[in-house]
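Trainee:
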Amino acid sequence: MSHTMIQNRKKKIGVWKIVVYTILIAGGILTLAPFLWMLLTSFKTQVDAVAIPPTILPKRWVVDTYTTLKDKIPFAKMYWNTVLTSFITVAGQLLLCSLAGYAFGRIKFPGRNFLFVLCLSVLMVPTSFYILPQYIIIKNLNLLNTIHAIYLPCLFSAFGTFLMRQFFMSLPKELEEAARIDGCGHGGIFLRIMLPLVKPGLVSLGILTLRFSWNNLMWPLIVNTSTTKMTLTAGLSYLQGQYLADYPSIMAGAVLSIIPLIVLFAVFQKQFIEGIALTGIK
Amino acid sequence: MKKSIVFILAAMMVCSCLFAGCAVPGNTSTDTATQSEPAAPEATATAQTPAEPVEIHYAYWASPMDAFYAECKTAFEASHPNIKIILEPTAWTEYWTKLETATTGGSVADVFHMNGVNILKYADGGVLLPLNDYIGNSSVDLNNYPKAMNDMYNYKGTQFGIAMDYDTIGLWYNKTLFDQAGIAYPTSDWTWDDLTEAAAAITALGNDIYGIAAGFEEQAGFYNTVFANGGWLVNGDTFGFDDPNTRAGIQCWVDLMKAGYSPSEASLEENASYLQFMAGKLGMIFSGDWMAAYYSSADSTVAAVCDVAELPLMSNGARASVIHGKANCISASSAHPDEAWAWVEYLAGAEANKRLGEMGIAIPSYMEYSSLFFASYPQYNMSIYSKAAEEYSYTYPASLARPDWMDIVRTELQKAFSLQVTVDQACDAIMDQLG
Amino acid sequence: MRKKGHNTQKRKDMAWGYGMILPLFLGLAVFYFYPVVKVIYDSFFNVGAFDKRTFAGLENYKNMIADAAMWKSLGNTFLYVALIVPFTVILALILAELLNQKMKGRDVFRVIYFIPTVTMTVAIAMMWRWIFNGDFGILNHIVGWFGGSSHYWLSEKPIALICVGVVSVWMGVGLNMIILLAGIQGISASYYEAAKIDGASPVRRFFSITVPLITPSLFFVLTTTLISTLQIFDVIYMMIAPKSTALVDTQSVVMYFFRNAFEYSKKGYASAIAVLLFVIIMAITALQMKLQRKWVNYD
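Chains as they are written, first to last, in our numbering: chain R, 13 to 294; chain X, 436 to 870; chain P, 91 to 389.
1. I need the straight-line Cα distance from Ser225/R to Thr97/R, nearest angstrom please.
2. Please report the straight-line C-alpha distance between Arg196/P and Phe135/P, rounded to a whole angstrom.
3. Would you mind giving the Cβ-Cβ distance between Ala336/P and Asn350/P, rounded to the nearest angstrom? I have them listed as a contact below 8 Å.
4. Does the pairing of the stretch 62-75 of chain R with the stretch 232-251 of chain P give three or more beta-carbon distances under 8 Å?
5. Return no unless some Cβ of chain P is closer than 8 Å to the Cβ of Val562/X.
6. State yes or no: is the beta carbon of Gly107/P nearer than 8 Å to at least one beta carbon in chain R?
7. Does the beta carbon of Asp324/P sit closer than 8 Å to a beta carbon anywhere in chain X?
8. When you check each C-beta in the stretch 102-119 of chain R against every C-beta of chain X, which residues fall closer than 9 Å?
9. In the stretch 325-339 of chain P, which residues sit with their C-beta less than 8 Å from some C-beta in chain X, listed in chain order?
10. Tell me, please, which residues DSSP counts as bridged to Gln594/X.
11. Kindly indicate if chain R contains any beta-carbon less than 8 Å away from that of Lys519/X.
12. Which chain R residues are close to Ala364/P, counting only those with a beta carbon under 8 Å from its beta carbon?
13. Please confirm whether His771/X has its beta-carbon closer than 8 Å to some beta-carbon of chain R.
14. What residues from chain P crowd round Ser261/R, counting only those whose CB sits closer than 7 Å?
15. Return the CA-CA distance between Trp218/P and Ile521/X, expressed in angstroms with no decimal places.
16. Please identify the residue among Leu630/X, Gln711/X, Leu563/X, Val858/X whose C-alpha is closest to the C-alpha of Met749/X.
17. If contact is defined by three or more beta carbon pairs under 8 Å, each pair taking one atom from either stretch, is the stretch 304-321 of chain P in contact with the stretch 225-232 of chain P?
18. Which full runs of the alpha helix (DSSP H) of 4+ residues lie inside the stretch 162-241 of chain P, going along the chain?
19. Give me the Cβ distance between Lys241/R and Asn157/R, rounded to the nearest whole Å; I'm assuming they're in contact under 8 Å.
20. Measuring only between beta-carbons, confirm whether Lys89/R sits less than 8 Å from chain X.
21. Within 8 Å (strictly less), CB to CB, does Ile234/R reach chain P?
22. Straight-line CA distance for Asp545/X to Ser769/X?
23. Under 9 Å Cβ-Cβ, which residues of chain X neighbour Asn223/P?
24. Which residues bound the alpha helix (DSSP H) around Thr662/X?
25. Is it a yes or a no for the stretch 318-326 of chain P touching the stretch 795-813 of chain X, going by three-plus beta-carbon pairs under 8 Å?
26. Does the contact criterion of 3 or more C-beta pairs under 8 Å hold for the stretch 568-575 of chain X versus the stretch 605-616 of chain X?
27. Report the option in Lys162/P, Leu265/P, Gly234/P whose CA atom is closest to the CA atom of Thr207/P.
28. Rounding to the nearest angstrom, what Cα-Cα distance links Phe85/P and Ala744/X in this structure?
29. Which same chain residues end up closer than 8 Å to Phe347/P when comparing Cβ atoms and leaving out the 5 residues on each side of it in sequence?
30. Look at the alpha carbon of Ser811/X and the alpha carbon of Val369/P, and state the distance between them as a whole number of angstroms.
31. Quick one: what's got a C-beta closer than 7 Å to Ala182/P's C-beta in the same chain, skipping five residues either side?
32. What is the rounded straight-line gap between the Cα of Thr525/X and the Cα of Ile299/P?
33. Please tell me whether Ala158/P has its Cβ less than 8 Å away from any Cβ of chain X.
34. Thinking C-beta only, is Ala583/X closer than 8 Å to Ala663/X?
35. Identify whether Thr481/X lies in helix, strand or coil by the three-state DSSP scheme.
36. Rounded to a whole number of angstroms, what is the C-alpha to C-alpha distance between Val757/X and Met719/X?
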C-alpha cells in the first residue's frame, strides 16, 4: 500500500515537472525571440531588415556589419564609457541605497516616515520633467560634456532605497537584539550582521541598476555632445537616422553590448543563490 | 502616513511660493548669463593667446551627411587656421529635445541645424542670430537658392538661416506593374485622372497588388495636391481647411481609398508605403528624392524596374510640390558670431555644395550644383526634382501660434482616410479645434 | 539611570539614522527635490519655449479640467494599470517560484528569463510589431488556424491598448522576477523541507510558504509596478508610431504631458498635468502604505 502511495507521489511529481517545464520552455521561447531577432537582424542588410513581408533568416548573410561598426561610431570608446559609468552607478547606488535603506528599515528616528515618503515622491514625477533642471544643475557644476555628467544624477536612487528598505525590514528582530547584547552598535549591526544577509537584495539591485545604466539613452544624449563622451546605447542611436534606420548596425552593436551582461548574470546568479541558501535567514 | 503626505504637499507649496520670489529673476539672469558665461573663459583665452584657435561647435542630427560634414571640417580648417570646428551629431529622435534643452540652459552649439517645423519657434524666441547684415557683407547671394527655401527661414523680414539642401516630391512608379496592366508610364502631361485610371488598372491585377499608396501623408501626400488645387493650409494663425480648394486637394486621395486602389490606412501605417513599394506591391507612390537611395539599393526588388516622373496635373492644370530642407542657423548667444558665420558661409558656398552633390547624399541647395546629385542615379529621371524646386515649389507649412496643428490635422484626417468620416466632416472638426 | 540609557540610545539612533540617509538626501535634494518643486512652481505660469514665462495663476488647472484629451489619456492610463499591474506581478511571482525549484536546467532558464531585460527596446519593438502586423503578422496566422478573422492589431481601437499592455507585461515580468527571486532566497530552506515531509503539494507550498514570507518584496514590486505603470510612456511610444490612428486611444497621460512640454512648448500646462499625476500617485501610494500593515509580514 505504501508502495503504491509512493508511486502515486512519484507520478504526481512527474506530472508536475512536465507542467513546470512546459511553462518554462514556452515562456522561454517567447522571451528569447527578440534576442534571436536581434541576432539575425544584425546579419541582414539594411533594406532586408525592414523587408515586406518580414523574413526570419537573412536573404544573404552579412558579417561586415560587425567589422565596420567601429568606422561608424567610436565603438571601443563608447563601450569603455558604458562600462565605467555603469560600474560607478552600481557601486554608488549599492552604497547609498543600503545605507539609507538600513536607516529607513531598522532605525527609529523622528520624521522617518515623512522623509521616506519624501524620498518616494521622486518616483512620482515623469522622468522627462527632470531633464531641464538637471541639465542646468550639471551646467552650473561645469560638468557638461563629461563622463561625470552621465552617472552623477543616477547615483541617488529612490527606487533602490525603497528596495533595500524592504530587504532590511524583512530581517528578524532577534538578530539585532542578539547583536546588541554582544555590544554591537548600528555600525556593527549594519556592516557585520545585516549587510551579508541582504546580499540577494544587493545583487538584484545591482543587476537592475546595471541594466538601467547600460540602457540609459536620453540623458547621455542630452547632457553630452561629443561622440567620445557617449555611452554605447546612446551612441547606437546615431544610426537610427531620420527616415530609415541602420538596423543591422544597431542590432550588431546591441548584441556586442549585452553579451557581457548575460555572462555576468550567468556567473552571478549562481553566486547569489548559493550564498543565501547557507545563511538561511528565517 | 497620511499626515506626512499632507505635510510634504504643504512643504512643497511653501517652497514653490518661496521659489516664486527668487526663480523669476534667477531665470532672467540665466538668460543674460548665457551670453557672457560660456564666452568668458574662451574670450580671455583668445585675448591672451591669439594663436589659440576659436572653437565653433556644430550641432546636427545624425544622417548619411555626417561624412560630408567631416570633409567640410577638414577643408574649412585648412583655410581658416584660427577656427576649429567641433562636430556634435545627435540622434534624430532626441535632437529637438536636446536643442531646446541646451538653448534654454544657455549652452547651445554656435551653429546648428534647423528644419521647417521648428524655425518659427526658434526665430520668434529670439535665440537665433539675424543673418541679414552678414549676408549683405559677404559673397552669399540668396538668389542661388530656391526662393521657397529662403522664405522658409525668413521670419518677419529677417533671414535666420541658409538652406543646406532641399527635398521635393516626385511620382515613382513600378514599370513591371505598368507593363502587366498594359498602360503607358507616367509623363509630365499626366493628370490626376490618368493617375486614377492607372491605379485602377494595376489594382485589377489582383494578388494583393495596389495601384498607389493613398494613405495620410503630409510632405509626400496631400500637401502637394492641396497647393496644386489652389488651396492653402496655414497663414499666420488662420487655417485653410474651410476652403473648398483645400478640401478638394484632400478629397482626391480619399477617392482613391474609397475606390480600393490603395492599401487601407491601417495597412499603410503598419507597413510603410515605401516598404510596400520596394516589395513590388504598389504601382505608384509619391516620394521625396531621398528615397532614391533606398529604392535603388541591392535588396530593393524594384531597383531595376522603377522610375520617377513629375507629379500629375490637377484638374485646374496646375501642379505643386512641397519643398523642404534643413538650414544652418547661428545661436544668438554664440560667443564667436563672426567665426560661426564663416562656417555657415563656407557651408553655403560653391565648394561645399559642389562636394555635397558629388557625394550623392542630398540635393545641394545651391541650384547650380543640384544636378550633381542626380548624376548618382543616372538610371532614374531625377531632374524632375530640381524642376519642381525651381518651377512649382511651395514652402513647407508651419504654424507658430498652434504648434499642435499638425497633430490635430492628422488625428482628424486619418479618420477620413480610414473612411470612417467624410472629408468635410474631418475638415469641420479640424476647424472647430483650430478656428 | 534606565531613562538616561534609553535617551542616549535614542540620540544614537537619531545620529545614525540621519547620518545614514544624509548622503542620499544631499543628492536627491540637488537633482530631484528641486525639480519636483519647480514642476509645482511652473504649473502656475505660462511657460513657453526657452523658458519665457508669464504668471498664469490657476489658468493651467482650469484648462486642464476642461481638456477632454487630458481626461481621455488619464482614462487610458488607468486601463493600462488595470491590465498590466496584476498580470505583471502574478506572472513574475509564479516564474520566481518555478525558477527557485531544484531541477535540471534551472540556471539556464534563469539566464534566458533575464535576457529580455537587457535586450534593446528597438529589437523588442520590431519583433512585437511584426507579431501584431495586420498584413504579415504571425498572430493573424494563428488566429486564422482557429477560424478567427484578421485584425490590424495595433491600429484598431480597443485592441491596440491591450497589445501595448501585453508587451508591457512581457517586459516587466523578467525584471520583477529577479526581485522576487531574491526575496524567495531569504526564506529558510527548513520551511520547504518541513513542508516536503508533510507531503504538501507544490501549489500548497507556494501559497502557504512562499507568498506569505515574501510579502515585503511583493509589496515593493506591487508599489513600483503601479507607479511606473501610471507613468507608462516608452512602450506606447515604441509600439504605436506617433503617427498612428490609434494614438488618441492608446496615449497615456505621461505621453500627453511629454507632447505638451516638448512638442507644443506648453511647459506650464504640462507642469499642471504632472502635478495632477503626482497627486494621484501620491494618494495611491499612501493608500498602499496604509493597507500594507494588513498584509505585509515584516518579521
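No residue lacks a Cβ here, since even glycine has one placed at the ideal position from N, Cα and C.
Mentor: So, to answer that:
1. 8 Å
2. 56 Å
3. Actually they are not in contact, since the Cβ atoms of Ala336/P and Asn350/P sit about 20 Å apart, beyond 8 Å.
4. no
5. yes
6. yes
7. no
8. none
9. Only Ala331, Lys333, Ser334, Thr335, Leu337, Val338 from the stretch 325-339 of chain P bring a Cβ to less than 8 Å from some Cβ of chain X.
10. Per DSSP, Asn589/X.
11. no
12. Val137, Pro138, Phe141
13. Closer than 8 Å: no.
14. Ordered by position in chain P, no residue passes the 7 Å Cβ test against Ser261/R, which lies about 11 Å from the chain.
15. 39 Å
16. Leu630/X
17. no
18. 196-208, 211-222, 228-235
19. 6 Å
20. no
21. no
22. 5 Å
23. Glu705, Asn706
24. For the sequence presented, residue 662/X should be read as Phe rather than Thr. Residues 658-663.
25. no
26. no
27. Leu265/P
28. A query on residue 85/P cannot be resolved here, the shown segment of chain P reaching from 91 to 389 and no further.
29. Cβ neighbours of Phe347/P within its own chain (closer than 8 Å, five residues either side excluded): Ala360, Ile363, Ala364, Leu367.
30. Annotation: Ser811/X to Val369/P spans about 58 Å, alpha carbon to alpha carbon.
31. Val263, Asn266, Met267, Leu270, Val311
32. 52 Å
33. no
34. no
35. Here Thr481/X scores only 40 on pLDDT, less than 50, and its place in the model is too uncertain to base an answer on.
36. Cα to Cα, the separation comes out at about 18 Å.
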